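Participant: Here's a structure for you.
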Amino acid sequence: MTESRISVLVVEDDPVAADAHTLYVNRVPGFVTVGKVHSAAEARRALERAPVELILLDLHLPDGHGLSLARSLRAAGHHADVIAVTSARDLAVVREGVSLGVVQYVLKPFTFATLRDRLVRYAEYRTSSGEATGQDEVDRALANLRSPAPAALPKGLSAPTLERVTQALREVAPAGMTASGAAEAVGISRITARRYLEHLVDSGLAVRSPQYGQVGRPELIYTWK
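This is how it looks when you write it as structure tokens:
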């Protein structure tokens, strides 16, 4: 018998990010992307054709805020859960999203491991069924959803420094920067900066390309996707 998988619609205005999110979702056992759209209007049309169980929703769309889309979907009778993807850190938005079926928030930039953790915990939450025997069981079911463990970074990397390197790289997009440039911008060594930049490349969030100068080996330029 074929294993049932949770159907996911990816709503993301950036085509490169949409492709990456689709790839990430399809790598997690038990999930399958059934659609990929780039605007709120496209999302509504896709859901009219084929309802899904989960929406991976970018909150900043070209034709409206993601929460406005979620609100209109609820009003239209769509009951899909939502994992919101955003670079905003406004807790008022987080509170508003709870009432609209937003079960998780994923802050950009994120790695595959981060999204996988959220999806696995969401799947565990969905499997909770029957009658709870007590408060502890209710708390455990909600803890699966609301208390994701932080995704582990490679040994020697820290989340605060990764965020600073990421911000420096995004600020110079689309020009990109070298490891030396990142080191100067963040205040770390060139070797350390390169490790963080390579991690972003491995995570699908940045790309590297050679820059040929006058003398010697080409220098690598890292560019935010």
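Okay, so the sequence shown: first residue is 415 according to this note's numbering, each after it adds one.
Even glycine gets a Cβ: it sits at the ideal position worked out from N, Cα and C.
Please read these numbers as outputs of a predicted model, since none were measured by experiment.
#1: Comparing C-alpha positions only, which one of 608, 639, 568 sits nearest to residue 586?
#2: Could you please give the first and the last residue of the uninterrupted alpha helix (DSSP H) stretch that includes residue 458?
#3: What residue range is occupied by the uninterrupted alpha helix (DSSP H) comprising residue 622?
#4: Since residue 518 sits in a beta bridge, which residues does DSSP pair it with?
#5: With three or more beta-carbon pairs closer than 8 Å as the criterion, would you say the stretch 471–482 touches the stretch 438–445?
#6: Could you pull the DSSP bridge partners for residue 637 from this structure?
#7: In three-state terms, what does DSSP make of residue 474?
#8: Let me know the secondary structure DSSP gives residue 605 once reduced to three states.
#9: Measuring alpha carbon to alpha carbon, tell me which residue in 456, 491, 466 is nearest residue 478.
#10: Does DSSP put residue 418 in a helix, a strand or coil?
Facilitator: Looking at the atomic coordinates:
#1: 639
#2: 454–463
#3: Residue 622 -> not in any alpha helix (DSSP H); beta strand (DSSP E) instead, spanning 620–625.
#4: 497
#5: no
#6: 621
#7: strand
#8: helix
#9: 456
#10: coil
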